[in-house]
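Novice: So the sequence shown is numbered by full-length UniProt numbering: it starts at 1 and just counts up by one. Each residue gets a CB set at the ideal place from its N, CA and C atoms; glycine is no exception. This one's a predicted model, so the numbers in the text were calculated from it and none came from an experiment.
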Amino acid sequence: MSPIEAAVVWLNDPLNWTNPGGVLDRIVEHLSISAAAVALGCLVAWPIGLWLGHTGRGGGLVVLIANVTLAVPTLALLTILPLTVLGFGRPSVVVALAVFAVPPLLANAYTGVRQADPEARDAARGMGFSGWQLLRRVELPLAVPYLAAGFRTAAVQVVATAALASFVNGGGLGQIIRAGFGLDIAAGQGQILAGGLLVAGLAILVELLLAQVERVVTPRPLRATRRRANRRAADAVAGT
1 MSPIEAAVVW LNDPLNWTNP GGVLDRIVEH LSISAAAVAL GCLVAWPIGL
51 WLGHTGRGGG LVVLIANVTL AVPTLALLTI LPLTVLGFGR PSVVVALAVF
101 AVPPLLANAY TGVRQADPEA RDAARGMGFS GWQLLRRVEL PLAVPYLAAG
151 FRTAAVQVVA TAALASFVNG GGLGQIIRAG FGLDIAAGQG QILAGGLLVA
201 GLAILVELLL AQVERVVTPR PLRATRRRAN RRAADAVAGT
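1) Please name the residue, chosen from G56, T111, L75 and L147, that lies closest to L210 on a Cα-to-Cα basis.
2) Would you check if there are 3 or more beta carbon pairs closer than 8 Å linking the region 58-68 to the region 123-141?
3) Less than 6 Å between C-beta atoms, sequence neighbours within five positions excluded: which residues of the same chain meet that for G150?
4) Do A200 and A160 have their beta-carbon atoms positioned less than 9 Å apart in this structure?
5) Buried or exposed: where does I33 fall if 16 or more other Cβ atoms within 10 Å of its Cβ makes it buried?
6) With a Cβ-Cβ cutoff of 9 Å, do V113 and A37 count as a contact?
7) What separation, rounded to the nearest whole angstrom, lies between the Cα atoms of A165 and G172?
8) State the start and end residues of the unbroken alpha helix (DSSP H) segment that holds N12.
9) Taking the C-alpha atoms as reference points, what is the distance between residue 270 and L208?
10) Would you kindly work out how many angstroms separate the C-alpha atoms of G41 and I192, rounded to a whole number?
11) Could you name the residues of the same chain whose beta carbon sits closer than 7 Å to that of A3, not counting the 5 residues immediately before and after it, in chain order?
12) How far does the alpha helix (DSSP H) with N108 in it reach, from first residue to last?
13) Measure from the alpha carbon of G196 to the alpha carbon of each residue in L24, G174, A186 and T153, then state which is nearest.
14) On a Cα-Cα basis, can you pick out the residue from L52, R90 and A45 that is closest to A162?
15) Out of V138, Q133 and Y110, point me to the one whose CA is closest to P118's CA.
16) Taking only three categories from DSSP, how would you classify S2?
17) Is S166 helix, strand or coil by DSSP?
18) Roughly how many angstroms separate the alpha carbons of R125 and I48, rounded to a whole number?
19) From P82 to P219, what does the alpha carbon distance come to, in whole angstroms?
20) Residues in the same chain with beta-carbon distance under 6 Å from A45, minus the five sequence neighbours each way, listed in chain order, please.
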């Protein structure tokens, strides 16, 4: 039996889905880990990105933070963090994945505020808005499409990477792949491939859903402008 045939057989077995620790349980674990990591990344990256974008300073700092966090391998963090007070399990996984989520969240938050209409800023200042009021009532609403784009990128990356959580007993769909490697190659090849397909399918599903959310929150006249700005943000994160 080929690996593809074995994977189809494994996925078509209802017990592999409904048993304790089966696919349904692992999907819930995978999504909960990913959601916690992206939420933590947002709590860290968005305030920094929005404030630096508002002040107009710190563009180099944004690139530096993004490049540093991208340079740290997630697997290395998953190896190191369990040796700290976080221990083995979900806390260390969530922190490691949150670090991985920071670059797109930070870069898009900064870019979103910097791309706010200068005339809207001037009008708000002419009305006597303070710096905080300008950020909260003018710049932040205009930056929402960029925040959504960064959230989408971070979420898809985290969902795709969260399979590594199984290395530190963190749960998720990676447990299915890891269990397959625990079998001999003939017996486990279908389970390994099935686990990989489940991770890829879940990442694609998240991408499609969040793409629709991003489209909804982006006004039609801003869509082309936002796409160009996203490309500039991606270049900045890559250090080009």
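Specialist: Short version:
1) L147
2) no
3) P104, L105 and N108
4) yes
5) buried
6) no
7) 7 Å
8) It is not in any alpha helix (DSSP H) - N12 carries neither H nor E in the DSSP assignment.
9) Because the chain in this structure spans residues 1 to 240, residue 270 falls outside the shown range and cannot be described.
10) 30 Å
11) With the sequence shown as reference, residue 3 is identified as Pro, and Ala is not the correct amino acid for it. Answer for P3: Q189, G190 and L193, listed in chain order.
12) R90 to R114
13) G174
14) R90
15) V138
16) coil
17) helix
18) 22 Å
19) 44 Å
20) V102, L105 and L106
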